[in-house]
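Asker: Below are the structure tokens for one structure; questions will follow.
Protein chains: 2
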Amino acid sequence: MNSYGTTIFAHLFGLLALILLLVWLLHYREGIEYDSDDPFRVFNVHPFMMFFGFIFLVGQAMLAYQTVPGTHETKKIVHLTLHLIALILGIVGLCAVFKFHDMVNWADLYSLHSWIGIGTFCLFGLQWLLGLGFMLQSSERSRVAMAPWHVAGGRALFFMAICAALTGLMEKYTSIKATQRESHLINFTGLAILLFGVFVDMAVGLRVR
Amino acid sequence: MNSYGTTIFAHLFGLLALILLLVWLLHYREGIEYDSDDPFRVFNVHPFMMFFGFIFLVGQAMLAYQTVPGTHETKKIVHLTLHLIALILGIVGLCAVFKFHDMVNWADLYSLHSWIGIGTFCLFGLQWLLGLGFMLQSSERSRVAMAPWHVAGGRALFFMAICAALTGLMEKYTSIKATQRESHLINFTGLAILLFGVFVDMAVGLRVR
Numbered sequence: 001m002n003s004y005g006t007t008i009f010a011h012l013f014g015l016l017a018l019i020l021l022l023v024w025l026l027h028y029r030e031g032i033e034y035d036s037d038d039p040f041r042v043f044n045v046h047p048f049m050m051f052f053g054f055i056f057l058v059g060q061a062m063l064a065y066q067t068v069p070g071t072h073e074t075k076k077i078v079h080l081t082l083h084l085i086a087l088i089l090g091i092v093g094l095c096a097v098f099k100f101h102d103m104v105n106w107a108d109l110y111s112l113h114s115w116i117g118i119g120t121f122c123l124f125g126l127q128w129l130l131g132l133g134f135m136l137q138s139s140e141r142s143r144v145a146m147a148p149w150h151v152a153g154g155r156a157l158f159f160m161a162i163c164a165a166l167t168g169l170m171e172k173y174t175s176i177k178a179t180q181r182e183s184h185l186i187n188f189t190g191l192a193i194l195l196f197g198v199f200v201d202m203a204v205g206l207r208v209r
Numbered sequence: 001m002n003s004y005g006t007t008i009f010a011h012l013f014g015l016l017a018l019i020l021l022l023v024w025l026l027h028y029r030e031g032i033e034y035d036s037d038d039p040f041r042v043f044n045v046h047p048f049m050m051f052f053g054f055i056f057l058v059g060q061a062m063l064a065y066q067t068v069p070g071t072h073e074t075k076k077i078v079h080l081t082l083h084l085i086a087l088i089l090g091i092v093g094l095c096a097v098f099k100f101h102d103m104v105n106w107a108d109l110y111s112l113h114s115w116i117g118i119g120t121f122c123l124f125g126l127q128w129l130l131g132l133g134f135m136l137q138s139s140e141r142s143r144v145a146m147a148p149w150h151v152a153g154g155r156a157l158f159f160m161a162i163c164a165a166l167t168g169l170m171e172k173y174t175s176i177k178a179t180q181r182e183s184h185l186i187n188f189t190g191l192a193i194l195l196f197g198v199f200v201d202m203a204v205g206l207r208v209r
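Protein chains in written order, with the numbering used here: chain L, 1 to 209; chain U, 1 to 209.
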């Protein structure tokens, strides 16, 4: 198994996590709708957008250097564009949870999950801007010097995003009365998200070494 | 900042997490005692041993190639020995939570935290045995070929251990009625654990590239 083999595992676990999350939110929970009067349908936009919109797309963006055919420039533009889409969908996901808190009158940014999540998201925006700035402005030489730091920072932020997702799942899980079947589904979703993170990180690590 | 600079941040956040965890368990919670009649004092052995005994020492073991002076052989023996101590203290930590569940009659291995935790711990034991086997048995050439996989596997398991710690903190946090002050302390402990993980991983990544 090489870096490409690891990429395949990353895709498999990413898709598995996405399917399990959809089964959970659509079948066991209330469904997903931003403009609903049911606050829990609004809330469900949050886990869906933060995983599918943000983490899944960020993972795909990180893998783009291995999975996208074409020149290095093409890969770089896919990497940048997927990250931008992820940022926008992530903002939708964040808006959903703030809207939910407004609807049910709960405090914002209270739990460990929320602290990790908002911190990671802000640093991620900064990392994206720095990456764009370096791409547009710098000389070839300073871009080469910055690359290991960009990669190390990106991997750290991705790791933090996975931690945010798992702590979020735990927070939701303990606030509902889940049947054994539902709690197993939640656990398998969490494991799939974790293994998606592990294999994306490993694929990047084996590529850049 | 280079790999050594990152190591310093890793130490700082590791010590900070340890101090915050002790303040939490000793001042806000019931204290730490394996042979207590109070099940919550028994429980508290679990977070303490899993962080200080396991994660903190594993992090030190991963940094040993940068922080321990002497020959490569010396560093390797420190790396191996610290991991062995971490495994043993981790087992004590796991026994504590099973004992707690027995005392209060709760089901074992139910939550996402417990699934991530036990899975990581078992794979960690396997990784240690594989590492020892390769060190004792293999030729120089096959050791060199295995090294990137040993490093990638070890980093993935460390990442998973941090996820286990954070989901565990979330699980405990939602099962107690914490004051705002205590919940802030828990959040800062979690952030310190997360940043310890990030900087250990980054230091290893910058060393091996």
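For each residue, glycine too, the CB sits at the ideal point set by N, CA and C.
Values in this document were obtained by computation on a predicted structure and should not be read as measured data.
#1: Could you pull the start and end residues of the alpha helix (DSSP H) that ALA148/L belongs to?
#2: For the putative contact between THR189/L and LEU21/L, defined by C-beta atoms under 8 angstroms, what is the C-beta separation to the nearest angstrom?
#3: Going by Cα to Cα distance, which pick from ASP102/L, LEU206/L, GLY205/L and GLY93/L is closest to GLU33/L?
#4: What I want to know is whether the C-beta of GLY119/L ends up closer than 8 angstroms to one or more non-hydrogen atoms of the ligand SAH.
#5: So is GLU182/L in contact with chain U if we call contact Cβ pairs under 9 angstroms?
#6: Would you report the Cα separation of LEU26/L and VAL104/L, rounded to the nearest angstrom?
#7: Should the region 174-185 of chain U be called in touch with the region 113-129 of chain U, which here means at least 3 C-beta pairs below 8 angstroms?
#8: What does a CB cutoff of less than 7 angstroms around GLY41/U pick up in its chain, not counting 5 residues either side in sequence?
#9: Along the region 186-208 of chain L, where does the CB come closer than 8 angstroms to a CB of chain U? Name the residues.
#10: Which class does GLY31/L belong to by DSSP, given the choice of helix, strand or coil?
#11: Measuring alpha carbon to alpha carbon, tell me which residue in PRO47/L, TYR65/L and ALA64/L is nearest CYS95/L.
#12: Can you tell me whether ALA178/U is helix, strand or coil according to DSSP?
#13: Nearest-angstrom Cα distance between ILE116/L and ILE186/U?
#14: In the DSSP assignment, find the alpha helix (DSSP H) that holds PRO262/L and state where it starts and stops.
#15: State yes or no: is the C-beta of ALA17/L within less than 9 angstroms of the C-beta of ALA192/L?
#16: Could you give the DSSP three-state label for ASN2/U: helix, strand or coil?
#17: Does any C-beta atom of chain U lie closer than 9 angstroms to the C-beta of GLY93/L?
#18: Can you give me the Cβ contacts of LEU112/L inside the same chain, cut-off strictly under 7 angstroms, excluding the 5 residues immediately before and after it?
#19: With 9 angstroms as the threshold, decide whether the Cβ of GLU171/U is near any Cβ in chain L.
#20: Are the region 154-167 of chain L and the region 153-166 of chain U touching by the rule of at least three beta carbon pairs closer than 8 angstroms?
#21: Would you mind sorting GLU171/L into buried or exposed? The rule is 16 or more other CB atoms within 10 Å of its CB.
#22: Would a check of beta-carbon distances place HIS113/L closer than 9 angstroms to chain U?
#23: Could you confirm whether any beta carbon from chain U is found closer than 9 angstroms to the beta carbon of LEU166/L?
#24: Please list, in chain order, the residues of the region 64-93 of chain U that have any C-beta partner in chain L closer than 7 angstroms.
#25: Just to confirm, are SER3/L and GLN60/L a CB contact at a threshold of 9 angstroms?
#26: Helix, strand or coil for LEU130/L per DSSP?
#27: Which first and last residues belong to the alpha helix (DSSP H) in which ILE55/L is found?
#28: If you pair each beta-carbon of the region 151-161 of chain U with each one of the region 197-208 of chain L, do three or more pairs fall below 8 angstroms?
#29: Only counting the same chain, and skipping five residues up and downstream in sequence, which positions put a Cβ closer than 8 angstroms to that of ALA107/L?
#30: Starting from SER175/U, find everything on chain L with Cβ-Cβ shorter than 8 angstroms and list it in chain order.
#31: Beta carbon of LEU89/L, beta carbon of LEU57/L: below 9 angstroms?
#32: Show which residues of chain U have a CB atom less than 8 angstroms away from the CB atom of ILE116/L.
#33: Which residue wins for smallest C-alpha separation from VAL97/L, given the options VAL23/L, PRO39/L and LEU195/L?
#34: Mapping DSSP to helix, strand and coil, what is THR71/U?
#35: Going by other Cβ atoms of all chains shown within 10 Å of its Cβ, with 16 needed for buried, is THR81/L buried or exposed?
Answerer: A quick look at the data gives this:
#1: It is worth fixing the name first, because residue 148/L is Pro in this sequence and not Ala. Following the DSSP letters along the chain, one finds PRO148/L inside the alpha helix (DSSP H) bounded by residues 140-175.
#2: Yes, THR189/L and LEU21/L are in contact; Cβ-Cβ is about 5 angstroms, under 8 angstroms.
#3: Looking at the Cα atoms, GLY93/L is the closest of the given residues.
#4: Among the components of this structure there are no ligands whatsoever, and the ligand SAH is therefore not found.
#5: No, because no Cβ of chain U sits closer than 9 angstroms to the Cβ of GLU182/L.
#6: So the alpha carbons of these two residues sit roughly 21 angstroms apart.
#7: Under the 8 angstroms Cβ criterion, the region 174-185 of chain U does not count as touching the region 113-129 of chain U, having fewer than three qualifying pairs.
#8: Inspection of the sequence shows that residue 41/U is occupied by Arg rather than by Gly. Correct list, in chain order: GLU30, GLY31, ILE32 and GLU33.
#9: Per Cβ criterion, the list reads ILE186, ASN187, GLY190, LEU191, LEU194, GLY197, VAL198, ASP201, MET202, GLY205, LEU206 and VAL208.
#10: The answer is coil: DSSP assigns GLY31/L none of H, G, I, E or B.
#11: Comparing Cα-Cα distances from CYS95/L to each of PRO47/L, TYR65/L and ALA64/L, the minimum goes to PRO47/L.
#12: Three-state result, ALA178/U: coil.
#13: Going by the C-alpha atoms only, they are around 12 angstroms apart.
#14: Because residue 262/L is not part of the residues shown, which for chain L are 1 to 209, the question remains open.
#15: Against a cut-off of 9 angstroms, the Cβ pair of ALA192/L and ALA17/L comes out as a contact.
#16: For ASN2/U, the three-state secondary structure derived from DSSP is coil.
#17: Closer than 9 angstroms: no.
#18: Excluding sequence neighbours, LEU112/L sits near THR167.
#19: True, the Cβ-Cβ gap to chain L drops below 9 angstroms.
#20: Taking a cut-off of 8 angstroms on C-beta distances, the region 154-167 of chain L touches the region 153-166 of chain U, as three or more cross pairs fall below it.
#21: It counts as buried.
#22: Yes, HIS113/L lies at the interface with chain U (some Cβ there is under 9 angstroms from its Cβ).
#23: With 9 angstroms as the cut-off, LEU166/L counts as an interface residue toward chain U.
#24: Answer in chain order: no residues at all.
#25: Cβ distance not < 9 angstroms, so SER3/L and GLN60/L don't count as in contact.
#26: Of the three classes helix, strand and coil, the one that applies to LEU130/L here is helix, per DSSP.
#27: Run containing ILE55/L: none; DSSP gives neither H nor E here.
#28: Yes: the two stretches touch, three or more of their Cβ pairs being nearer than 8 angstroms.
#29: Non-local C-beta neighbours of ALA107/L in its own chain, meaning closer than 8 angstroms and more than five positions away in sequence, comprise HIS101, ordered along the chain.
#30: What SER175/U touches in chain L: THR174.
#31: With contacts defined as CB atoms closer than 9 angstroms, LEU89/L and LEU57/L qualify as a contacting pair.
#32: Ordered by position in chain U, the residues that pass the 8 angstroms Cβ test against ILE116/L are LEU166, GLY190, LEU191 and LEU194.
#33: For the set VAL23/L, PRO39/L and LEU195/L, the Cα lying nearest the Cα of VAL97/L is the one of PRO39/L.
#34: Looking at THR71/U - three-state DSSP - the assignment turns out to be coil, as it is neither helix nor strand.
#35: Counting Cβ neighbours within 10 Å, THR81/L comes out exposed, since fewer than 16 surround it.
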